[in-house]
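Per the numbering used here: the sequence shown = residues 345 to 388.
Glycine is no exception: its CB is placed at the ideal position from the N, C-alpha and C atoms.
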Amino acid sequence: QREALLSRQKIQEQLLLQRQDKLKEQMQRQQEALKGFLNKQVSF
Numbered sequence: 345q346r347e348a349l350l351s352r353q354k355i356q357e358q359l360l361l362q363r364q365d366k367l368k369e370q371m372q373r374q375q376e377a378l379k380g381f382l383n384k385q386v387s388f
């Protein structure tokens, strides 16, 4: 039973890490989009 608990914890940790990676990717994409937008604004 303890091993089952441990494996469940590991799975949850993995899920959290995956979610964090996705969030980081989204933030980076948003930053790139914002940079592109600002660069366009500056060139006008």
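Straight across, the Cα-Cα distance linking I355 with Q362 is about 11 Å. As the crow flies, the alpha-carbon of Q372 is around 23 Å from that of E357. A straight line joining the alpha-carbon of K384 with that of L378 spans about 10 Å. Under the DSSP assignment, Q375 falls in the alpha helix (DSSP H) whose first and last residues are 346-387.
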